[in-house]
Each structure stands twice: as C-alpha cells, then as structure tokens.
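Q:
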Amino acid sequence: MKIQLQNWKVQRLNFELLRDNQNREESSFGIKKGQVFPEEDKKSFVVIFEIDLKDKDFDLNFESAFVFSLDDEITEEFKFSDFPKINAPAIAFPYLRAYISNLTLQSGFEPRILPSINFVALSKEDLHSML
760 MKIQLQNWKV QRLNFELLRD NQNREESSFG IKKGQVFPEE DKKSFVVIFE
810 IDLKDKDFDL NFESAFVFSL DDEITEEFKF SDFPKINAPA IAFPYLRAYI
860 SNLTLQSGFE PRILPSINFV ALSKEDLHSM L
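Under the working numbering, the first residue of the sequence shown carries the number 760, and numbering increases by one thereafter.
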C-alpha cells in the first residue's frame with residue numbers, strides 16, 4: 760500500500776501581539792491532533808493539528824489539516840493502525856515546525872522553534888484519556 764502526503768493547509772490562524780504590560784515570563788506550547796476519514800473519499804484521510812503557543816510576546820493559535828492519500832481503499836484495520844495515529848502526524852509535524860519558525864521570523868520576532876514530539880507517547884496518552 761502506497762501512502763502519500765497530498766497537501767496541507769492552515770484552516771484557522773490567530774496571531775495576537777501582547778501589550779507591553781501583558782508580557783509573560785514563560786512560554787507554553789500545547790498540541791492536539793486527530794484523524795478524519797472522509798466518507799466521500801475512501802482512499803484518503805486527514806490529520807488535524809491544533810497548536811496553542813503562548814509566547815512571551817504573543818499568542819499564536821491555529822489549526823491545520825494534512826491530507827494523505829492511499830492507492831487502496833482505507834480499511835477499518837488501517838483506521839486503528841499506527842500509521843494514522845503515529846506515522847502520519849510524525850510526517851506532517853516538521854511542516855508545522857517550519858511554518859511557525861518562518862511565520863514568527865517574518866512577523867518581526869526571533870524564530871520560534873516548536874519542540875520535537877514523540878508521537879508514540881502522545882498516542883498512548885490519547886488512548887489513556889479516552890478510557
């Protein structure tokens with residue numbers, strides 16, 4: 760089975776500069792991810808990321824969607840396999856890291872580089888939170 764990243768888009772973006780009296784001492788980073796298997800296309804799935812970055816100087820919140828295509832129809836077994844939960848997010852995440860680094864740099868700030876994510880551990884956390 761061949762699997763390919765077809766495209767990705769930022770679906771929602773909010774970048775807000777903090778006022779001088781609102782600056783933070785510490786930055787924080789939050790991430791949520793999920794998968795969508797569209798009924799109308801049995802050979803593709805979407806990985807959704809929600810990013811919440813609270814920097815010392817700004818708040819950045821956005822949602823992005825990464826579309827993956829397969830050469831065969833998606834089975835129920837595939838939906839519950841590691842690929843859509845671990846491998847696909849790991850393939851997509853470097854694009855988000857580069858996007859945020861470039862966005863912050865082009866917005867007049869030092870580039871912010873997101874931390875590396877262990878998607879194996881994150882998928883286990885997701886599993887525990889659903890139990």
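Where a beta carbon is used, it is the ideal one built from N, C-alpha and C, also for glycine.
Here the structure is a predicted model, which is why all the values come from computation and not from measurement.
Classify Ser823: buried if its beta carbon has 16 or more other beta carbons within 10 angstroms, exposed otherwise.
A: Within the sequence shown, the letter at position 64 stands for residue 823. Buried.
Q: Distance check for Asn846 and Phe878, CA to CA, integer angstroms please.
A: Translated into positions along the sequence shown, residue 878 becomes position 119. Translated into positions along the sequence shown, residue 846 becomes position 87. Going by the C-alpha atoms only, they are around 8 Å apart.
Q: On the DSSP letters alone, give me the boundaries of the beta strand (DSSP E) that Lys792 sits inside.
A: Indexing the sequence shown from 1 puts residue 792 at position 33. Element bounds for Lys792: Ser787 to Val795.
Q: If you draw a straight line from the C-alpha of Pro853 to the C-alpha of Phe825, how long is it?
A: Taking the first residue of the sequence shown as position 1, residue 853 is located at position 94. Taking the first residue of the sequence shown as position 1, residue 825 is located at position 66. Spanning the two alpha carbons is a distance of roughly 12 Å.
Q: How should Leu890 be labelled, buried or exposed, when 16 other C-beta atoms within 10 angstroms of its C-beta is the threshold for buried?
A: Taking the first residue of the sequence shown as 1, we reach residue 890 at position 131. Legend: pLDDT at Leu890 = 27, less than 50; position of this residue unreliable, no value from coordinates given.
Q: How long is the line joining the alpha carbons of Asp818 and Leu776, rounded to whole angstroms?
A: On the sequence shown, residue 818 is found 59 positions in, with the first residue counted as 1. On the sequence shown, residue 776 is found 17 positions in, with the first residue counted as 1. Cα to Cα, the separation comes out at about 7 Å.
Q: What's the gap between the Cα of Phe774 and the Cα of Trp767?
A: By 1-based counting over the sequence shown, the position of residue 774 is 15. By 1-based counting over the sequence shown, the position of residue 767 is 8. Approximately 19 Å between the Cα atoms of the pair.
Q: Quick one: what does DSSP say Arg778 is sitting in, helix, strand or coil?
A: Looking up residue 778 in the sequence shown gives position 19. Residue state, collapsed to three classes: coil.
Q: In this structure, does DSSP put Leu873 in helix, strand or coil?
A: The count along the sequence shown starts at 1 and reaches residue 873 at position 114. Leu873 falls in the coil class under three-state DSSP.
Q: Determine which residues share a DSSP beta bridge with Lys813 and list them.
A: For this step, residue 813 is matched to residue 54 along the sequence shown. Bridge partners of Lys813: Ser787 and Asp818.
Q: With burial defined as no fewer than 16 other Cβ atoms inside 10 Å of the residue's Cβ, what is the status of Leu864: buried or exposed?
A: To locate residue 864, count along the sequence shown from 1; it is residue 105. Flag for Leu864 reads exposed.
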